[in-house]
Each structure stands twice: as C-alpha cells, then as structure tokens.
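Undergrad: Residue numbers (the numbering used here), protein chains in the order written: chain C, 3 to 121; chain F, -9 to 293; chain A, 2 to 1091; chain Z, 17 to 270. The beta carbon of each residue, even a glycine, is placed where N, CA and C say it ideally should be. Quick one: the structure is below, questions incoming.
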Amino acid sequence: MMTQIVLLIGFLLSLTGLWGLMTRRDLFRMIISFSLLDTGVHMIMVGIGYVKNGTAPIFDEALAPAGAVEKVVDPIPSALVLTAIVIGLAVTALMLSYAVRVYTARKSLSVEAVKELRW
Amino acid sequence: MNAILTKALYTLISLFVITNYGLLLGGTMARVRAKVQGRIGQPVWQPYLDILKNNFKRTGIYHGVMFYLGPVFRLAGGLGTYLFIPAVYGSAVFSNFSFSGDLLLVMYFIFFGQLGMALGAGQSGHPYSPLGVSRGLAQMTAFEVPFALAVIAVASQHQTLSITELVAAQQGGILNWVAFTNPLAMIAGMISFLGMTMGNPFSVVIAPQEIPIGPPTEMQSSFLGMLQTNRAIFQGAKLVLFMNLFFGGATNIVSMVVKTFLIYLYTVVVGASFPRFRTDQSIRFFLGVPTLIGIAAVVIQML
Amino acid sequence: MVSPMYLIAVLLGAAFLHPLFERAGRSLAKSVVLLVLVFIAVLPVSWLADLTWRGMVPVVFQTAGFQAPVSISLRVGVEEAVFLIMINAAALFGGIYLMLRKSPKWEGKVQVLFLTMLLGVNGLVLTRDLFNMFVFLEISSISLYALLAFTRSSDAYEAGFKYMVAGGIASALFLIGVIYLYRFTGTLNLDVMIAAGGGPGGKAGLTALFLLAAAVLIELKPFPANGWGADAYQAADPGISAMLSAVSATGIFFVFYKITPLLGAEILRMAAISGGITFAFSQLLAMKQVSVRRMLGYSSIGQIGLLTAVAALAPMLTPAFSQAAGGSSLPGGLVAGSGFLGGGVFPLLVLLAGNHLFSKAGLFWMSGITGSVDTGGLPERASLRRSPAAAGLQGLLTAALAGFPPFPAFWAKWLLIMMLVSTGSYFLSAVILLGSLIEAWYLFRWFLNCVKKPQDSGNVHDEEIPDDFAAMEMDQEMSQELRPDLKSGGVPVSGWGFITLFAPLMHGLILAAAGTVLAFMFFAGTPGFALLLPLAALALFTLLDSVRVPFKLQVFLGIAVTAAYGLMLLPGLVGIRLVFGLIFIAGSAVQMVPLVNRKGRHPGLMGMLTALVFSLGNLLFFRTSLEFFFSWELMTVTSFFLVSRGNKASGAALRYLVFSLGGAFMILAGLALSSSGMNGGITAVLMGLGFLVKMGALGLHIWLPGSYAETDDDLSTFFSSVLSKAGLFMLFMTAGLLAQASFASVLGWIGVLTAFAGAFLALFKEDIKYTLAYSSMGQVGYMLLSFALMSQLGWMNSLYLAVTHLLFKGMMFAAIAGVIYRTKTRMMYQMGGLISRMPISFFTVLIGIIALSGVPPLVGFGAKWMLYTALIEKGWYLQAGIAMFASGVAFLYLFRLIHVIFLGQLKDEHREVKEAPLWFLVPQFVGIIGIMLFSMFPDIILKPLQTAVAPFFSGDIFWEGYTVISTLGYWNGNVVMYVTMGVFLVPLAWLLTVQRRHTQKVGQFNIVYAAERPYRPETTHFGYNFFSPYRKALGFLLQPAAARFWYWVGSIAEVAGASIRKLYSGNVQTYSLWIVLYVSIFLLLLQGGV
Amino acid sequence: MIKRLLIILTLTAIAFGFYPLAWGVEDARQLSPLAAGYVENSVEELGTSNVVTAIVVSYRGLDTLGEVTVLFAAAAGVTLLMTSGNPERRKKRAASRGKDGKDGKDGKDGSEGGSDKARRQGSELLAAGAAFLFPIIWLFGIYIFIHGHLTPGGGFQGGVVIASAVLLIIFADCRQELGHTVLQLAEALSGAAYVGVGLLGLWMAAGFLDPRFLAAGEFGELFSAGAIPIIYSLIGIKVGAELTGIVDSLRRCS
C-alpha cells in the first residue's frame, strides 16, 4: 500500500513536470518543471526500495547487524537515488546557466526566443 | 583477266546507253513540260548542247578541294547507283555489278552522291548552297520513310533483298508485278519517287525558276557539265530501280525504255499540275499519308 | 590484459589535474591531453591483440574487490575492443583537429570536458551494470551539453538548452526503467539478467524494459523525436559536431547493442521499425537543408537509425548470415572475417558503424576547415579546385559515406541487402536502397558545389547559346581563362596550411586501408588480386601527384600501365569478352594520347582515368556477382570524378551520379533476388534497367548529354566511345536472363526509339559536343536494337557497331577536341571554313561521318546491311522503318556538323588557326587506318565476330570469297570498294583533263551574291539553326518529356522532405512533445500486444 | 489550442502506459537477495555501520566516482558558460567587482544579465549572522562527511553543507572575492587523490576502489571501515569545492 501511494505521487509529480515542461513559456519555469520531473523519479526510486515496516539500514543501538535483514528497507535504491539526486542537481545547474546565457544572448526568457534553429 | 576486260566493256556499253537515254529523256520531258505550259520549248538535244558548252567553257573558277571534288562525288554517286542495279533482267551486258550488293547497298549508295555534292556546294562559301542542301537533305530524309517502308514490304513479300531475285519473282505476267501483288507498297514508293525526282511539288530544293538557289549555285563550266551528266544518269538509275521494284523490271531494252518513260512521265504530269510545297510542308506531307500507306503495306506483310 | 580501470583512472586523473597543468603551461596541458588520448586509443588495440592473437577469452573486470552482481563489473570482449578502437581513434584525431585549429582556442575547460566526455563514452561501452550505464551516460551527455557552448554563439546556447531538455526526459525514463528492472529481477547486472533469460515478463516488466530501451533510442535521436539533435549538430563547432556524431552516437548505439539480448521480440521489432523510419525520413529531411552541418547531422541520424534497425533485426538476420556465409553469395574470406569479428551480424555493424564514424567525422572537419557553411558551396566564390588535396579528401570521404567501393560501407551494403532479401524483407531493402540513393544525392551535391568553378551555375544540362556575337568574344575569353591547360598550370593554392588537413586525412587513410583489407578478405578466393588493380593505380598516381611528377610523364606512364594491363588480361579472354576487352583497353590506351597535349598539372586525372579503365577491364573476367558489382561501382565512381572535373559539369555530374547509382542499386537488388533463387521476370527487369541506365536508353538518358558534353574535351571520348559499351557488355553477359521474347522485343523497341531520339535531338544542337553526345546515344540505340534481335546477324552487328563506333566516334571526338582547342569555342556556327586551316581534322571528320552515316563503301554500311537484313529476317518491319528514318536524320546532323565547322566562310578570328597538335592527330590516324582496313576487307572483322557469337547462335550466314551472304541478300565490301574507286577516279581524271589552265582558285568572298560583295563571314556563313524546316515540321517532338518526368520524381522527394520539416518547429516544447508522443505511442502499442 | 489538446492526450496516454508500473507493485515483503547480501555481509566485509555508505562508497564505488565526475563536468560546464573565454577579461571583471559602481557589467561576458534591476545589498544583520554562522556550518559539514560510514550522510551531503556556507557569505556580500587558487587546488587534488585511492585499492587490495587496503579497524569507531572515511572526506572536499565554484560563477552582482 505504502509503495503504491509513493509511486502514485511520484508518477503524478513526473507527469506534472512533463506537463510544465511542455506548456510553460518561461525558461526558468521549464527548468523548475524539469526538477519536478526529477523529484518524481527520485520518489519512485525510493518507493521501490520500501519494504513493509522496515527501517533505515544503519546499524546502531536500535538495529543490531544480526538479523537486521527482516527489519530494514532495501539499501540499494537509497544508494542509487543518492547518485541520481546529485546528477539531477548537476543537470539543473547547467540548465540554469544555459538559460542565463540564452537570456543574455536573446534578451528574453520566453521559449519563443529559442526558435532560431529549426527544420 | 579476260573476264575483267569483258566486264569493263559491258560496263562501258551499259553506261553509254543509260547516259544517252537519260539525256534524251530529259530533253523530251522538258518539251513535254513546255507543251503543257503552252510553250514551244527547247529542242530535244538541248541537254547535249548544255553539257558540251559547259565543258568547253574557257574560264572556270573553284573555291577549294571539296568544291573541286563535289561534282566528282556527285557523278560517282550517280554512276555507282546505276552500276549496282541490274538494268535489264537476264542480260549479261546490263546486269552491271549487281552481284556485289543488294537493294540496301543501292539505297545507301544514293547518299554517296548527295553527300559529296553537299560538301562541294558547302565549300563554295555561298550561303544559298547550304540553304539548298539543308532543304534537300531534310526533304530526302522525309521521303526516305515511305520509300523504305515500301522496300521493306517488297523485300518481306518476296523474302529477298536482291534486286535480281525481286525481278525474277515478278516475271510471268503483268499480275505478278509488285504493283498488283502489293499495291500499297507501290503507291507509297511512287509517292516518295516524286520527292526523289525533285520535281514539283517538291522542287524547292533547286528552285529552277528563281535566281539560282541550291547546291549548284556556284557551279559553272565543266563542274556544271558534270552535274548535268550525272542528272541524266542518276535519273535513269532511279527510274530503273523503281521499274525493277514495282513494275516487274525489264527483260529487254525496249520494255525498259517504255516502262521508265511512263514512270518519268507520271512525275512530270504531277509536277506540271501541282504548285510547290515549302520544305516543312513536304516533310509533313511525306510523314503523313504516304508513311501511313507504307506502314499499312508493312503491316499486311506482318499478318 | 591491461585493466580498463587504468583507462578510467588516466582519463579522470588528467581531467581532475588539468587546471594545475594549465597553470604550469598551456602547452604542457595540451601535450598531457594528447598523451592521454594516445593512451586510450592504444589500450583497446592491445586488448584486441590479446583477444585474437593471444587467444584470450573476454574478461570481466570486477571493481571494489567483489564479484558482480555485488559490485559493478566492466567487460572487455572483442565487441568492446573493436568499438573502443574506433571511437577512441576518432577522439584522438578530433583532439588533434581542435588543437591544430586557430580559433576558437582549444584550452581550459574545453579540454577537461573533452576528457570527461570520452570517459563517459568509454564507460558506456565497457560497463555491464545498468545503473552504472546511466551514470556514464550522464557523464558523456553533460560534457557534451557543455561542449556545445564552445562556439559561444547564441545558436549554440539555444541548441544546448534544447539538447538538455531532451536528454533530461530520456534519463528520467531510463531511471524509471532501471529501478523497476531492479525490482523485478533483483539485480542491476546485465549478465545476470541475461543469464536469467532476458527481461522480466508481464505487462509491468515489459513496460520497464521498454522504458529502458526507449531512453536509449531517444538518445539515438529517432524520428520524429530528434529535432534537438539536428539543432545541436547545426549549432555546434564542427569539431564538436564530429565528436557528437562519431564518438557519442556510436557509444550510445553500442549500449543499445548491449541491451538487445534483454529486449523481447516485440520491443526489438519496434526498434527496427523506428530505425528504418528514422533512416528514410532523415534522408528526405537532409535533402532540403541549407546548412551543411545540419545536413550532415540528419545524415548521421539516418545512419544511426540504420544501425539501430540492423542491430534490432539481428535475431532475424543471424541465421541468414550464417547461411549466406556458408552459401555461394559470400566468398570464404568473409566467413573467416566474421569469425574474427565475433560472427553474427556484428561484423556488419562494425562495418556500418566504423564507416559512418570515420567518414562523417572527417566530413564535419572538412566543413570546418574549408569554411563551407552553406550546402550551396563555398563563400566568396572560392573553390576547392585550387586545393586538390582538400578536394580529393572531401571526395574520398563523401564516396566512403555514400558506400562506394572499396570502402567498408560498400561491403556492408552488399551483405545487408543480400541478407535482407534472402530473409524476404523486400520492403526494408527497398527503403534502404532508396535512402542511400538520396543520401548520395545530397552528399555529392554538396561536394560538387564545393569543387565547382565559381562561374559554374551548377545546372548545366544542355547547350548554352551566347546571346549574340558580342557575347561571343566574352565567351571565348572565359573559356580561355577557364581551360586548365591554358592557365599557367593548375598549381594548388591552398588557403589553409596543409597540416590542418591532418585529422580528416588520417580518417581517409583509415577508411581506405580498411576498405583494401576488406577487399582482400572478400576476394581471398580469386586468383590474383587483379580486382584491386584500379585502387593500386589510383594510389600510384596519387603518389606521383603528391611528388609533383609532370603530367606528360604521368600520361605516358598511364598508357604504359594500360598497355601492360591489356597484355596481362587480354590473352586470357575469348569470344565476346575478348571483343569488349579490346574496346575497353586498347581503345582507352589509344585515346589517352591527346592528354599528352595538356599543360600544367592535373592532380588526380590520370589516377582516376587508369582506375576507370582497369575497373572496366575487370568487368571482363568477373565470376561471382560480388566481383562484378565491385568493378561496376568502382567504374561508376571513378567516371563520376572525371566528369566532375569539367568546367561547368557539376550539375551534369550530379545527374550522372544519381542515375548511375540508381541503376547500380537496381542491379544490386536484381543480384540479391537471383542469389536468393528468384530468377523470375522481376530480376531480369531490375538488372536490365540498371544496364539501360548506363547505356542512356531513351527515358533514362537525361544524364547523358550533359555528362558527355560538359566533361573536358579530351575526356569526353572515353565516355562516348568506351564507357557507353559497359552496359552493352553486361547485357551480353546476362542475355540468358533477358532472352525471353517479351523482354527482347521491349528492348528492341527501346533501342530503336533511342536511336531515333538520339539522332533527332542531335539535329538541333548548335554546341558540337552536345551533337556528338546525342549521336553517341543514337548509336548505342542501334547496338541495343541489334542485341535485342537475339540472332546471329543481330549480335554480330551489335559487336560490329561497338567496335566501329569506337573507331569513328573516337577519332571524331579527337578531331573535334582539336578544333575546340584551337578555336576556343564549342558553338558550331562560330566556326566555319576551317578546312583550309585544319585539313587533316577535316579529313578525319569526313571519313568519320561517311562511316557513321553508313554510306558505302566504308564500314558503316556493313552495320546497316546487317541490321536491316537481320530486322527483316526477324520480321521487325516497323522497327526497320524507324531505323531507316533515324539513319537518315543522322545523315542530316552529320552533314551539318562537317559543313558548319569546316566549310562555308572562314571567320576572321580563325584566319591564323593552326592544325590540331600532333597528339590529337594520333588517335585520328589510328581510327582512319582501322576504318579503311575494315572497309576494304570486312571479313577480317566479321569472321572473328561470327566465331565470337558462334557459341550462342548457329550460322545462317555464310561466305563466298569476300561476299557475305544472308538468307535475304548479299554484300561484297571488297568489290564495292573497287567499283566506288573506279566511278570516282574516272570522272576525276576527266575533270582534270578538261580543266585547263584558265581554271583558277578564287578568294573567299568571290561568289555570286545577288550582285553585291559580302564583307563579313558571320553574315554569309549559313550555320545557325541549320535545319529550321525540320524544326518547323517536327519541332513538337523536342518536348523534354523524360527530363520533366524525372524532375517531377525529384520534386516529389523534395516536397516530402519539405513537408516533414514542418514537424521541427524549432520550439523545444514541441520537440519534447514529439519525444513523449513517440514513447507513449510505442508504449501503448506494446501493452496492446502488437 | 490543438497543440494543448495534443499534449493532454499524450500525457494521458503515457499515464495510461505507466499505470501498471504505478499500481501493479505491492509492498515488498522482504529484501532482494542482493540487498540481503549487502545487509548481512557489509559489516564483516567493510565494517561500516551505514549499509548505504558501504554500497555507495565501496560496492558501487564506480557509480560514486562517476557521480563526482558528473558534478565536476557540470561545474566545468557552468564555468565555461558563465565566464567568457579569455582570462584577462575575467581578471577585469574581478577587479570591477572589487570596487563599487555600475562598471561591473563589461563586455559580452554576460554579467549584465539581470543587472537592469539593481539587487539590494545584504543587510548588516545578514552579514553579521553569516560571519558568525560560517565556521559552524563548515564544521558541521566536515562532521557529516567524516562520519559518513557511521551515521546518515556522507561526502555529498557534507559538501553541499559547506557550499551552502559559502552561498550564505555571498548573499551577505555579493562582491566577496573567493580564493580561486585554493578552490582549484582543493578540487583538483581531492579528485586526483580519490582516483589515487582507487588505484591503491587496485594495487594493494582486491580491486579498483577497494577500500580494504587499510585495516578495517574497530566497528563503529571513527577511524574504521578501511579507507571509506578518507574517500568520503575527499568526496566531501571535492563536492564542496565544485558547488562553491558553481555558486561563484553563477552569481551576478549589480
């Protein structure tokens, strides 16, 4: 149940991102929509990793290494999502600087300003 | 050796006959034409006089080698054309050199003289000469079409291209003539013959009446004489050819004279009774009805 | 084996430390980067060595000291090694290209990003872990995103943004797919998944797999979701575009190749469909492009699409491949080769990918070096002519990309079509062939626009008559200034340092070397590698050019090697092959002589020429269809390059290429069909059409006049008198296929109509070369007609015509070339009266036209006699009638030719003209001697021909001394000759006697001219529009119906391209819409269970 | 409008396609064997108490290396985009940033982007707070990445925290000059060191990026789990440096 909720939210988020990407006219808004898409995907990844009433896979007083297998969530998606987040961050940064550049070159942030190349 | 000598002798005889016959025929026809037009006309032997006069003219001018050779080519064309046709069927004297080539050879040898003449006229540098040449050649290609179709029809009818065999196939009764066994071919051929003789309505090439236009424009003295000689021989050759093709050839001189005279008369009559075509008109004419008739003749042979 | 970790470590270390290096000094940094590039280029080579010669098995390298799937593993197998060799080599030269270039400077972050991009691509190729794949994908993509900004133009920023949006969507899909795959299979390791039997089942599993595949496909820029890719190609710096196309695209394609075992049949089918569509549509799109780099970009997209389709079809093709490799259609060489490359479809993929990678990168660089931005040509009327090295290089790369032999794509094309047809997927093969045709079209259009002379309008397909006599002077000036042998040599003046050509040069060399090796592999079975002689000749003369050997020497050498080739080859031939062998080789050797007259340097000319002659010769002794096709294509491409040398030939050359290639593709299809056991009518039609194109049969002839006439004057003769026979020869070779009565009669009609059309069109030409070109067309028509008769006389006549046409057309072309060379004009009416200045040429032409028009007693009549006899025997009466008409018309234009040039009024500016140079006269003498001999003694040529056709047709003609006797008639050339001489000499003697000393020669204007003296030759010389009555009577036949038809076909393609372009509105949101649409459609189809 | 409709249709279509993924997956009952293996063996294999760290740094260390590279490439890209090519112009810009006035925007280096509406300077309060908080945040960041193998967090988190401190400073004073040399050195050396550690693993231990060439140490101690803390620290430094660089080159001062 938990998984499905997370997944649904994740997918909704991604679709929202796509929607914004395709409809918002402002470049920065498009970038924001893009990070929405990313976040949605990350949520999906986390949701996949969830195990029924499991806890974080970190051993401490509460969680002894022995027999931890039944008590923890899947650590792999967490590891992957970590990487994915950082990569998303990098892409967003680069996108932003591109947007800035487009603005300085075309004096406009409207998506209509980036239609020089076509056909 | 002996055989060659006799052959040479025969050739000379045959040429002598055809030359004189051609000249006389020309003179006669000129008279006929005059009569039709209500004139008295020139004496029958006028062509002889012209040739002699031209040949013994004191001064002559020429424009270059090809101009000099042009008439020679022309005459060679005429002589050759005649010499490859058997004039009289079964006669050793008049069989000429027909053994060395068949109908196709004759048809293509006609070009030989045309080409040489055209070259000679061309070098004269006179604009009218190539003008006449271009008209003449254009017209020639046109009337070649029905003629070729007629020839093909005849050849396919008798399954041979050898003139002698064609004549042989027409022996024995007037009904064996191609004219009757294959009338369409005959009609097509005879119409194209009108073009071949360059009389009216296809006479624009040499335009006899106006200031001289056409290949012979610059020709004079013995060059012109040579051309006139050729005209006689060539005329004779063509007549003989058509006689052989369509009218059963001739077994002796007399029948040859009669038949060729009639054939020639037919062209003169037509010429006297029709005005002149422009070149493009005559091209369209020949590629029109006559060609269709020729095709019909061929198609009949196909069926 | 060296661990691939070092590859990663070195790249990363260099990238991380690069700022410090640059602090120490730019040159140091540059050299470090170069070292790294060299290292990563060499490492895979060592792997390949280990894997093949040392016979190691593919190694899987573990990281972090744990076994996969616990840790990430990298695999080094033959596939990885081969692809990395190609990719890293391209990267190395790409780096060198960027380094050698003046601006923009290649330094700082750009170098860093270059390295990280390479790291990403190498990792993509090596890794076996899906998520790790994602990481490397992102590394390469982000580096590329950043590199796009290299040029700092606003377009670059725009393109970069679009690219990032698209890439972002793709990676999102990738992540979803990967995480679900992990969920369903419990692992991220590719090998484990494959071992577990491919991807997970079920709707969800399929969807996950599809998302993975879709992400990779989108990165490969499928139609229509690829506008952003084209934008990037267009806006990026050429060096970066090259990397984009060669390195990144190839790497991502390898990812797709890697995951194909996971994807089920359905997804693979969709990938194949998508790839095919992408290929076809990209070619259509590229056709309309103005920007060179966008055009090349679309071409890359198309090629990658083709690769995708092939990789996706692998399961279907592999059995076909093994069967074909075992079967006859592939020589043993390839089987060994395939084993060497890992077998299966893989070698095909390597050939396609490698060929595209190297040639495309090279072309991108060339566009950067020559500054060619617009497909319409080079800026400020510059022309690559002035730099033969660059022109040759671009030509080579273009030919490689278009798949001409010996380059890898040629073999790939052959294998692919063979396999596709053998598996019965005809539609795909047709699409591929059509696409390749279009691709060749626009690629070579660009090439021609780069090399054409500035004053070449590029669409010269017919004579251009100057407006009036004033224009005539200017025309002469221009032709004088244009003629390379009048200019002070064609010394190459390269606008840029030769060194900058290094990178494309290396790629060219790699491609050539690979092609040669492949040729050796494919022709391993054949005795001797004579098939490669053309390439050897090309290489030899290119070498001579590079060391600046004088051109005259080259010509003599060329004649010598041609003669040697003939001596080596001809003795082994008999019958028809021998006849054509003599035509091809002896004829060419003789006609090379006039080239000696050229001054200055002509790089590439002799090389192409000898290569052309050799490939023609190789046609003679092919045994397998591959050998034939190899030589055929080689002949096509070499002759194309010869045509393109003409002063105004670019348009004609393009037509020539497109038509020849189209014909070749038809032939290829026919061969494939027949090799797959379908010897039905369709095969015959395809191959017959292919050969007819080469012969310029009516309807397929519109390439012919331009390319015959616009070629350099001393080269036209090869096309007219030698090359046009190639198609005829192949018709003879494949006669068995075409022997059915229906085909024969159709061929016959085509032939006779071609003969008529040729003669008729020649009639109205003022430009002498066009007259001769159409005349050749007509003659070939006669040959075709006689061939179609399928009778002894017919075939004899066809061969007889082939030989005699070589003689008289060769010598006429030589004479005319001499005349043009002296008078500096091609317009006949501008000449005239030249007989007094050039008597020998006149005599040649006289003999020529007598022979050609078939007037007795010369050889021409023999042809007519046999033709009509055979036609009437066969019962083709109507054809005979048309043929006679055609020959009459031929007589017209021939007379016009000789009269207007040599007779009539000599022009003032030609009064000092001299006879043509000796080198032009040599072939004329040869021709005259030959013609006289054959006319005098027809039997010395007819009897051998009779024996040549004896194996096919029993004799129904026989001999009686000199008289040849058919069932219908007879002909004694010997006696005819004597009689003609007699009747000619007697009147001549008579004339000489009666002409006494009073006969005198008079001046030019001394004519009876309506009582006034003409003072200008121009006004007196009747030459222009000579047969106006004919035009008046039959002018309506001159409608260029065929040209219109083909123009219509071409415009259909262009319109299609133009309408598809509308999809690419340039709006990034539309682009992303297409992407999502692409995904959703295929996704729904998939879940719909299609 | 048509386009809008098409977009809606497309999105519904793809949502329909995603449906089986979203709804077809139940909660997992137990770990996948691979994950179970990690949970069971990470302690004795690597001696990390944070399994995720074990995976990120060691088992899937190559991913992490690549991740660092991605960030590095992005930083390089941002620098490439944001600074015009030639260094002397960059110097000029730095100089102009040093002193007041509108001459901050010069040439085509794009610094006039957004400068049409002058941005307000950071307030006194912000400046003081930033100065006070800066070391603490730094300390916190360092703590996070050296304890990455024991507690939640790690190199990336730490690096981000550090960069955020710099961001705070820049908020306070946009014209704050950063030591580019230091940044560059830190970035380059930490990255190279990371690669070097990986190679050490290859030479001295079982494979590339194998942290076990150092003693596993006492479980749960700070100096344990082999080279993992070192790697994480290097990552932390590198990430911090790179993000700082990004922030630096993205800033636009009036």
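Within 8 Å (strictly less), CB to CB, does Z:PHE172 reach chain C?
TA: At least one chain C Cβ lies under 8 Å of Z:PHE172.
Undergrad: Short check: CB of A:THR128 to CB of A:ILE73, under 8 Å?
TA: Yes, the Cβ-Cβ distance between A:THR128 and A:ILE73 is below 8 Å.
Undergrad: Does Z:GLU56 get closer than 8 Å to chain C when you measure Cβ to Cβ?
TA: Chain C, which has a Cβ nearer than 8 Å to the Cβ of Z:GLU56, makes this yes.
Undergrad: Can you pull the DSSP bridge partners for A:LEU75?
TA: The partner list for A:LEU75 (beta bridge, DSSP) reads A:PHE62 and A:THR128.
Undergrad: Which residue wins for smallest C-alpha separation from A:TYR181, given the options A:TYR158, A:ALA147 and A:LEU131?
TA: Residue A:LEU131 is the option with its Cα nearest to A:TYR181.
Undergrad: Going by beta carbon distance, what residues of the same chain come within less than 8 Å of A:PHE405, once the five residues before and after it are set aside?
TA: Cβ within range, chain order: PHE411, GLU634, LEU635, THR637 and VAL638.
Undergrad: For F:GLY12, go through chain A and note every residue whose CB falls closer than 7 Å to its CB, in chain order.
TA: Residues of chain A passing the Cβ test: none, with the nearest at roughly 15 Å.
Undergrad: With respect to the beta strand (DSSP E) encompassing A:PHE959, which residues constitute its N-terminal and C-terminal limits?
TA: Residues 959 to 961.
Undergrad: Indicate the three-state DSSP secondary structure (helix, strand or coil) for F:TYR38 in the structure shown.
TA: If DSSP states are grouped into helix, strand and coil, F:TYR38 belongs with the helices.
Undergrad: Alpha carbons only, please: which of A:TRP415, A:ALA90 and A:VAL113 is nearest the one belonging to A:LYS31?
TA: Cα-wise, what sits closest to A:LYS31 is A:VAL113.
Undergrad: Does the stretch 552 to 563 of chain A come into contact with the stretch 599 to 615 of chain A, if we say contact requires no fewer than three beta-carbon pairs (one atom in each stretch) closer than 8 Å?
TA: In short, these stretches touch, since the Cβ pair count reaches three.
Undergrad: To which residues does DSSP link Z:ALA44 through a beta bridge?
TA: Answer is C:VAL53.
Undergrad: Using 10 angstroms around the beta-carbon of F:LYS228, count the other beta-carbons present and answer buried if the total reaches 16, otherwise exposed.
TA: Under this definition F:LYS228 is a buried residue.
Undergrad: On the CB-based measure, 16 or more other CB atoms within 10 Å of its CB, does A:LEU352 come out buried or exposed?
TA: Label assigned to A:LEU352: buried.
Undergrad: Count Cβ pairs between the stretch 64 to 73 of chain C and the stretch 195 to 209 of chain A that sit closer than 8 Å; are there 3 or more?
TA: The stretch 64 to 73 of chain C, when compared against the stretch 195 to 209 of chain A, does not touch it at the 8 Å Cβ threshold.
Undergrad: Around the Cβ of A:HIS999, are there at least 16 other Cβ atoms within 10 angstroms (buried) or fewer (exposed)?
TA: The residue is exposed, with fewer than 16 neighbouring Cβ atoms inside 10 Å.
Undergrad: From the DSSP secondary-structure annotation, give me the bridge partner or partners of F:LYS(-3).
TA: Looking at the DSSP assignment, F:LYS(-3) forms no beta bridge with any residue, so it has no partner.
Undergrad: Name, please, each residue of chain C whose Cβ falls closer than 8 Å to the Cβ of A:ASP375.
TA: Neighbours of A:ASP375 on chain C: none; closest Cβ ~15 Å, over 8 Å.
Undergrad: What residues of chain Z sit near C:ALA92, judged by a beta carbon separation below 7 Å?
TA: Going along chain Z in sequence order, the residues near C:ALA92 (Cβ under 7 Å) are VAL86, LEU87 and ALA90.
Undergrad: According to DSSP, which residues form a beta bridge with A:GLN1001?
TA: Answer is F:ILE51.
Undergrad: Look at the alpha carbon of A:PRO409 and the alpha carbon of A:ALA698, and state the distance between them as a whole number of angstroms.
TA: Their backbone Cα atoms lie some 32 Å apart in a straight line.
Undergrad: Please work out which residues of its chain come closer than 6 Å, Cβ to Cβ, to A:LEU358, disregarding the five sequence neighbours upstream and downstream, and give them in chain order.
TA: Closer than 6 Å at the Cβ level, and outside the excluded window around A:LEU358, lie MET87, ALA91, ALA247 and THR251.
Undergrad: In terms of DSSP beta bridges, what is A:GLY378 paired with?
TA: For A:GLY378, which the question treats as bridged, DSSP gives the partners A:ASP375.
Undergrad: In the DSSP assignment, the alpha helix (DSSP H) including A:ILE703 goes from what residue to what residue?
TA: Careful: A:ILE703 lies outside any alpha helix (DSSP H) and carries neither H nor E.
Undergrad: Taking only three categories from DSSP, how would you classify F:ILE45?
TA: It should be pointed out that residue 45 of chain F corresponds to Asn in this sequence rather than to Ile. If DSSP states are grouped into helix, strand and coil, F:ASN45 belongs with the helices.
Undergrad: Please name the residues in the stretch 1060 to 1089 of chain A whose beta-carbon is closer than 9 Å to at least one beta-carbon of chain F, in chain order.
TA: Under the 9 Å Cβ criterion, the stretch 1060 to 1089 of chain A contributes no residue.
Undergrad: State the Cα-Cα distance for the pair Z:THR69 and C:ILE50, rounded to the nearest angstrom.
TA: One C-alpha to the other measures close to 19 Å.
Undergrad: Please name the residue, chosen from A:PHE615, A:ASN190, A:ARG295 and A:GLY206, that lies closest to A:ASN227 on a Cα-to-Cα basis.
TA: The shortest Cα separation from A:ASN227 among A:PHE615, A:ASN190, A:ARG295 and A:GLY206 belongs to A:ARG295.
Undergrad: C:MET4 versus chain A: which residues are under 7 Å apart at the beta carbon?
TA: Per Cβ cutoff of 7 Å: no residues; C:MET4 is ~14 Å from chain A at best.
Undergrad: Beta-carbon of C:ALA64 versus every beta-carbon of chain Z: anything under 8 Å?
TA: It does not; no Cβ of chain Z falls within 8 Å.
Undergrad: Where does Z:HIS196 land, buried or exposed, given buried means 16+ other C-beta within 10 angstroms?
TA: When all chains shown are included, Z:HIS196 counts as exposed.
Undergrad: Return the chain-ordered list of same chain residues with a C-beta closer than 6 Å to the C-beta of Z:ALA257, the five sequence neighbours on each side being excluded.
TA: The answer, listed in chain order, is LEU199, ALA202 and GLU203.
Undergrad: Leaving aside the five residues before and after Z:GLY236 along the sequence, list all residues of the same chain whose C-beta is less than 8 Å from its C-beta, in chain order.
TA: Cβ within range, chain order: SER65 and LEU166.
Undergrad: For the candidate residues A:LEU583, A:ASP51 and A:PRO70, whose alpha-carbon lies nearest to that of A:GLY78?
TA: Per the Cα distances, A:ASP51.
Undergrad: Would you mind giving the Cβ-Cβ distance between A:THR117 and A:SER155, rounded to the nearest angstrom? I have them listed as a contact below 8 Å.
TA: Contact doesn't hold; Cβ gap of about 25 Å is too wide.
Undergrad: Can you list, in chain order, the residues of the stretch 1005 to 1027 of chain A whose Cβ is nearer than 9 Å to any Cβ on chain F?
TA: Listed by position, the residues of the stretch 1005 to 1027 of chain A near chain F (Cβ gap below 9 Å) are GLN1005, PHE1006, ASN1007, ILE1008, VAL1009, TYR1010, ALA1011, PRO1015, PRO1018, THR1020, THR1021, HIS1022, PHE1023, GLY1024 and PHE1027.
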